[in-house]
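Peer 1: Numbering (my numbering), first residue to last: 10 to 328.
Glycine included, each C-beta is placed from N, C-alpha and C at the ideal position.
Just so we're clear, the structure is a prediction, and the values are computed from it rather than from any experiment.
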């Protein structure tokens, strides 16, 4: 793997663009969460596919699909960022999150599971917290069965599972995520089996867009608030969101939301996660795919404004 470009702010987030041995490009991210120092929380976001075949309406990674990353290709992204800051592999960070969420739906790549099995052996990292965010594509039952087995055997309370829901309206959800996928009933059934008392709740994520309803009664019909929590995030400014006229219902200048109050009223724990505005300008958030932006060159208000710096570094890929 050769890192060929990067952009960002050391104190917020950095996006790396790398070229693999076969010439395909991949992106990965490291970020912190001000005001927390890196020793408290450090987040790595890695790609699992070259692009993505799903085509979510607000995600810039949903084009130019070029296949799956190998286990070593995924690990090489992690290893580059870890060894750059912790050359000996001793990651002295209280919460060391590795999110399989940059480019690609992870459940479409069985190699992700091999990485999860190997991760604890690669680094001395007591704070390791892998995070898998998924739409749960139809036909991925074998993936999720093995994921549950790996979690039970290795991680237990040190793993975070998140399902991307985005709206409780089934018709609109099919438009937003235009592939066959698990419905809420099946997600609930799997999550019930995945959850263990005393461990982390399963997360239901909603990138809250204008005109995309989130009905508390519908969620309560399927999901037990004792086992599932709700995470609300903005819709990030992307080329595809602009093209599809999707705007965020979550803004940094607003503190109170009726939807959040209503979800809490029926018993759900709700996390509002907005992050730093600079992450949009850097393009470090989920769905923001810098390589796509460089091809499209669209003007996106609030997104992709940081300069992309070319670098030339040869990086060791773990074999």
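Let me confirm a value: residue 306 is counted as buried when at least 16 other C-beta atoms fall within 10 Å, else exposed. Which label applies?
Peer 2: Stepping through the chain shown from its first residue, residue 306 is reached at position 297. Low confidence applies to residue 306: its pLDDT is 47, below 50, so where it sits in the model is not reliable, and the reading given next is rough at best. Counting Cβ neighbours within 10 Å, residue 306 comes out exposed, since fewer than 16 surround it.
Peer 1: Let me know the secondary structure DSSP gives residue 168 once reduced to three states.
Peer 2: By one-based count along the chain shown, residue 168 stands at place 159. The answer is coil: DSSP assigns residue 168 none of H, G, I, E or B.
Peer 1: Within this structure, are the beta carbons of residue 282 and residue 218 separated by less than 8 Å?
Peer 2: Within the chain shown, the letter at position 273 stands for residue 282. Within the chain shown, the letter at position 209 stands for residue 218. Contact flag unset, no.
Peer 1: Could you spell out the range, first to last residue, of the beta strand (DSSP E) harbouring residue 15?
Peer 2: Sequence index remark: in the chain shown, residue 15 carries index 6 (1-based). From DSSP, the beta strand (DSSP E) with residue 15 extends over 11 to 18.
Peer 1: In angstroms, rounded to a whole number, what distance separates the CA positions of residue 148 and residue 221?
Peer 2: Mapped onto the chain shown, residue 148 falls at position 139. Mapped onto the chain shown, residue 221 falls at position 212. Distance between the alpha carbons of residue 148 and residue 221 is about 26 Å.
Peer 1: Check the C-beta distance from residue 132 over to residue 102 and give it rounded, since I have them as a contact under 8 Å.
Peer 2: As a working note, residue 132 is residue 123 in the chain shown. As a working note, residue 102 is residue 93 in the chain shown. In fact, because the Cβ distance is near 10 Å, the residues do not count as touching under 8 Å.
Peer 1: Can you find at least 3 beta carbon pairs, one from the region 71 to 82 and one from the region 128 to 146, that sit closer than 8 Å?
Peer 2: Flag = no, the region 71 to 82 and the region 128 to 146 do not touch.
Peer 1: My guess is that residue 199 and residue 112 are in contact by the Cβ rule of under 8 Å, so how many angstroms apart are they, rounded?
Peer 2: The count along the chain shown starts at 1 and reaches residue 199 at position 190. The count along the chain shown starts at 1 and reaches residue 112 at position 103. Actually they do not touch by this definition, with Cβ atoms about 24 Å apart.
Peer 1: So, under 8 Å CB-CB, residue 24 and residue 38 are touching, yes? Tell me the CB distance rounded to an integer number of Å.
Peer 2: Sequence index remark: in the chain shown, residue 24 carries index 15 (1-based). Sequence index remark: in the chain shown, residue 38 carries index 29 (1-based). 5 Å between Cβ atoms; contact.
Peer 1: On the premise that residue 165 lies in contact with residue 201, defined as a C-beta separation below 8 Å, what is that separation, rounded to the nearest angstrom?
Peer 2: Residue numbering aside, residue 201 sits at position 192 when the chain shown is read from its first letter. Residue numbering aside, residue 165 sits at position 156 when the chain shown is read from its first letter. Going by Cβ atoms, the distance from residue 201 to residue 165 rounds to 17 Å, so no, they are not a contact pair.
Peer 1: Taking the C-alpha atoms as reference points, what is the distance between residue 185 and residue 174?
Peer 2: Taking the chain shown and counting its residues from 1, one reaches residue 185 at position 176. Taking the chain shown and counting its residues from 1, one reaches residue 174 at position 165. Distance between the alpha carbons of residue 185 and residue 174 is about 10 Å.
Peer 1: Entirely within the region 25 to 81 and at least 3 residues each: give me those beta strand (DSSP E) ranges in chain order.
Peer 2: For the region 25 to 81, whole beta strand (DSSP E) runs of length 3 or above, ordered along the chain, are 34 to 40 and 50 to 55.
Peer 1: Within 10 angstroms of its Cβ, does residue 162 collect 16 or more other Cβ (buried), or is it exposed?
Peer 2: Here residue 162 refers to the residue found at position 153 when the chain shown is read from its first residue. The residue is exposed, with fewer than 16 neighbouring Cβ atoms inside 10 Å.
Peer 1: For residue 218, write down the residues that DSSP places opposite it in a beta bridge.
Peer 2: Counting from 1 along the chain shown, the entry for residue 218 is found at position 209. According to DSSP, which records beta bridges pairwise, residue 218 is partnered with 257.
Peer 1: Compute the Euclidean distance between the alpha carbons of residue 93 and residue 267, then round it to the nearest angstrom.
Peer 2: Within the chain shown, numbered from 1, the residue matching residue 93 stands at position 84. Within the chain shown, numbered from 1, the residue matching residue 267 stands at position 258. If I take the Cα positions, the gap works out to 44 Å.
Peer 1: Measuring straight from C-alpha to C-alpha, what distance separates residue 252 and residue 204?
Peer 2: As a working note, residue 252 is residue 243 in the chain shown. As a working note, residue 204 is residue 195 in the chain shown. Going by the C-alpha atoms only, they are around 38 Å apart.
Peer 1: Secondary structure at residue 86, three-state DSSP: helix, strand or coil?
Peer 2: Within the chain shown, the letter at position 77 stands for residue 86. In this structure, residue 86 counts as helix in the three-state DSSP scheme.
Peer 1: Going by Cα to Cα distance, which pick from 272, 278 and 231 is closest to residue 210?
Peer 2: One-based indexing of the chain shown puts residue 210 at position 201. Out of 272, 278 and 231, 278 has the C-alpha closest to the C-alpha of residue 210.
Peer 1: With 16 as the cutoff for other CB atoms within 10 Å, does residue 99 come out buried or exposed?
Peer 2: Within the chain shown, numbered from 1, the residue matching residue 99 stands at position 90. Exposed.
Peer 1: When we look at the beta-carbon of residue 134 and count the other beta-carbons within 10 Å, is it buried (16 or more) or exposed?
Peer 2: As a first step, residue 134 is located in the chain shown; it is residue number 125 there, counting from the start. Looking at its Cβ environment, which holds 16 or more other Cβ atoms inside 10 Å, residue 134 is buried.
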